[in-house]
């Protein structure tokens with residue numbers, strides 16, 4: 001922030017519009033492309049845009065996790081299931097199963113988003129006390145705050161962290177149980 | 001000086017709206033899962049923006065947990081899609097109407 005009072009640094013504006021373009025174009029592709037494989041690739045584009053926004057707001061660790069976990073694992077899982085099921089044929093998106101469904105959905109979404117933005121614009125965007133959970137110490141910006149994040153996860157949120165371990169184990173067991181094919185006693189319907 | 005938090009919040013609201021519209025209109029269960037991921041990412045972006053603006057690390061810690069829960073949700077959800085596809089040979093949610101009264 002140098003001369004003009006209203007000016008933000010040009011790089012941060014460029015980064016914002018880059019990430020906004022990636023996010024909006026990718027998200028529009030997810031909801032409009034017919035082929036599920038193309039939709040999954042558009043989803044990767046959106047996830048990269050969100051990662052750019054994370055880096056721009058000095059959440060470096062989360063940006064790395066976003067790329068590794070989302071783009072690297074979740075979207076690959078999506079693609080794996082799409083290819084595994086062979087459902088990469090095109091969905092018929094021109095027909096509308098329920099009359100007026102798209103119009104009602106669009107109206108509801110527009111009203112919700114516009115109301116949210118109007119509400120925030122007419123009051124304060126962000127309110128609250130600063131740096132409550134780190135004892136009044138502002139988090140580091142610009143040089144990464146992985147250390148603060150690790151400290152928070154392993155002290156304040158330790159119980160939640162352990163609970164996510166149990167959650168992941170349960171999810172893996174559930175997925176194996178759901179996807180397993182009963183090979184014995186083929187004649188009768190077994191399980192679900 | 002970074003851009004104001006309001007820009008990122010409006011962007012997150014737009015992303016949430018796009019994801020909600022896709023969830024309401026698409027018929028394929030796989031695409032609907034992707035739209036849920038879009039909405040989760042919008043909320044994550046909001047959390048990170050609030051974390052930056054309030055200079056508080058809790059927002060980023062919560063985003064970390066949201067990502068873990070999203071991974072678990074996708075694992076189980078795709079397992080269900082595979083199980084349903086094995087019975088019905090389709091992922092369209094319109095054909096799952098056994099519980100209709």
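Protein chains in written order, with the numbering used here: chain A, 1 to 192; chain B, 1 to 101.
Beta carbons: idealized from backbone N, C-alpha and C, even for Gly.
These figures come from a predicted structure and were not determined experimentally.
Proximity below 8 Å, CB of residue 65 of chain A to CB of residue 64 of chain B:
Contact flag set, yes.
Under the rule that 16 or more other beta-carbon atoms within 10 Å means buried, what is residue 94 of chain B, buried or exposed?
Exposed is the call here.
Could you tell me whether the Cβ atoms of residue 148 of chain A and residue 160 of chain A are closer together than 8 Å?
The answer is no: Cβ separation not under 8 Å.
Can you tell me which of the three DSSP states residue 5 of chain A falls into?
Residue placement at residue 5 of chain A is flagged as unreliable, the pLDDT there being 46, under the threshold of 50; the coordinate-derived value follows with that caveat. Coil, per DSSP.
What is the DSSP secondary structure of residue 32 of chain A, counted as helix, strand or coil?
In the structure shown, residue 32 of chain A sits in a helix (DSSP, three-state: H, G or I).
If the cut is a Cβ gap below 7 Å, which residues of chain A does residue 58 of chain B touch?
Listed by position along chain A, the residues whose Cβ is nearer than 7 Å to that of residue 58 of chain B are 133, 152.
Residues of chain D with a CB under 8 Å from the CB of residue 145 of chain A: which are they?
Structure shown: chain D not included; protein chains present are A and B.
List the residues of chain A that residue 34 of chain B touches, going by C-beta distances under 8 Å, in chain order.
Residues of chain A with a Cβ closer than 8 Å to the Cβ of residue 34 of chain B are, in chain order, 30, 39, 40, 43, 78.
Give me, in chain order, the residues of the same chain whose beta-carbon lies closer than 7 Å to that of residue 41 of chain B; leave out the 5 immediate sequence neighbours on both sides.
The answer, listed in chain order, is 15.
If you pair each beta-carbon of the segment 16-28 of chain B with each one of the segment 21-33 of chain A, do three or more pairs fall below 8 Å?
Verdict: yes, contact present.
Between residue 106 of chain A and chain B, is the shortest Cβ-Cβ distance under 8 Å, so that the two count as touching?
Cβ-Cβ to chain B under 8 Å: yes for residue 106 of chain A.
7 Å CB neighbourhood of residue 6 of chain B in its chain, flanking five on each side removed
Counting only Cβ-Cβ distances below 7 Å, and skipping sequence neighbours, we find nothing.
According to DSSP, residue 58 of chain A sits in a beta bridge with which residue or residues?
Paired residue(s): none; residue 58 of chain A is not in a bridge.
Between residue 178 of chain A and residue 31 of chain B, how many whole angstroms is the CB-CB distance? I'm expecting something under 8 Å.
About 20 Å separates the two Cβ atoms, so there is no contact after all.
Could you please tell me which residues of the segment 16-35 of chain B, in chain order, have their CB closer than 8 Å to any CB of chain A?
Per Cβ criterion, the list reads 16, 17, 18, 19, 20, 21, 22, 24, 25, 26, 27, 28, 30, 31, 33, 34, 35.
Smallest Cα separation from residue 51 of chain A: which of A:70, A:171, A:13?
Of the listed residues, the one whose Cα sits closest to residue 51 of chain A is A:70.
Alpha carbon to alpha carbon, what distance is there between residue 26 of chain A and residue 45 of chain A?
Cα to Cα, residue 45 of chain A sits roughly 5 Å from residue 26 of chain A.
Is it buried or exposed, residue 170 of chain A, if we count other Cβ atoms within 10 angstroms and call 16 or more buried?
Counting of Cβ neighbours within 10 angstroms places residue 170 of chain A among the exposed residues, the total staying below 16.
For residue 98 of chain B, return the contacting residues in chain A, with the cut-off set at a CB-CB distance below 7 Å.
Per Cβ cutoff of 7 Å: no residues; residue 98 of chain B is ~13 Å from chain A at best.
Residues bridged to residue 92 of chain B (per DSSP):
Paired residues: B:28.
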